[in-house]
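Residue numbers (my numbering): 65 to 312.
These notes are about the structure you will find just below.
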Ligand code: ADP
Ligand code: MG
């Protein structure tokens with residue numbers, strides 16, 4: 065059933081460049097990303113992880129294939145409608161936080177509304193403040209990003225991604241800049257987003273310890289999904305990463 069997935073890829077192909085310099089970054093990927101679950105994407109550098117994430121998030125368009133949000137194929141939307149869909153349905157957490165230095169924490173969190181020309185309702189605003197308390201940044205809302213630690217900045221980025229209550233949260237190496245304790249906390253918060261707020265999290269990571277938090281792990285190699293496993297411990301995932309690297 066189409067509506068069961070948070071987002072679906074159908075025969076997704078992406079070729080960069082043209083003429084003699086073509087790179088086939090994705091070679092026909094078909095996958096359903098499930099709601100209320102965290103899906104990790106692992107694979108060697110250059111295997112197509114970021115390309116897949118960007119296509120699923122509507123940040124780039126495929127050479128062929130479909131990206132389905134329910135029955136809507138977003139690869140057919142014009143830029144204006146695609147931007148509107150991203151603002152409503154998708155939250156992002158990047159390694160570099162992408163917080164605006166001149167804005168306060170709360171202004172950063174509310175930025176997706178500002179960009180979309182909307183305001184949260186009174187209840188929605190209260191919900192955001194409750195989540196800020198949950199995330200341990202309830203007392204930091206008037207500060208500026210440079211007054212926060214790396215772990216606190218990443219929590220702000222997570223709250224910003226949660227704020228619009230998107231169906232999907234994409235996190236590309238979200239723990240890459242954090243010490244191991246802050247990294248674990250961030251992963252726990254993303255896990256809670258899936259359980260408590262009905263969101264699907266797609267986590268791109270090199271780190272088997274991070275991927276071990278996921279309900280499902282997709283391995284990508286040379287532009288194709290080569291393994292699709294359920295929750296797996298970090299040492300088994302490490303072995304799978306090594307085996308993939310050796311097989312190339
Ligand atoms: P990963 O995130 O797994 O490291 P990417 O999706 O970034 O892999 O890249 C997959 C392949 O596509 C690589 O060979 C990469 O060099 C190539 N690639 C990615 N982005 C571009 C681009 N904008 N132009 C040309 N080639 C690209
Ligand atoms: Mg990448």
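Positions of the beta carbon are idealized from the N, C-alpha and C atoms, including for glycine.
Bear in mind the structure is a predicted one, so any value in this text is a computation, not a measurement.
Pairwise C-beta distances place the stretch 129 to 145 out of contact with the stretch 208 to 215, as fewer than three of them are shorter than 8 Å. Our two residues, residue 236 and residue 217, have alpha carbons roughly 15 Å apart in a direct line. Distances from the alpha-carbon of residue 249 to those of 82, 102, 215, 194 put 215 closest.
Within the stretch 87 to 163, the runs of beta strand (DSSP E) at least 3 residues long that lie entirely inside it are, in chain order, 87 to 97, 102 to 106, 128 to 133, 154 to 158. Note on residue 269: 16 or more other CB atoms within 10 angstroms of its CB, so buried under the neighbour-count rule. Nearest to residue 194 by alpha-carbon distance, out of 183, 283, 170, 175, is 170. In the structure shown, residue 294 adopts extended strand secondary structure according to DSSP, grouped into three states.
The ligand MG approaches residue 114 closely enough that one of its heavy atoms is under 7 Å from the residue's Cβ.
Closer than 7 Å to some heavy atom of the ligand ADP: that describes the Cβ of residue 110. When the Cα atoms are used, residue 106 and residue 224 turn out to be separated by approximately 25 Å. Between residue 90 and residue 206, the alpha-carbon positions lie close to 43 Å from each other. Going by beta carbons, residue 288 and residue 79 fall outside the 8 Å limit.
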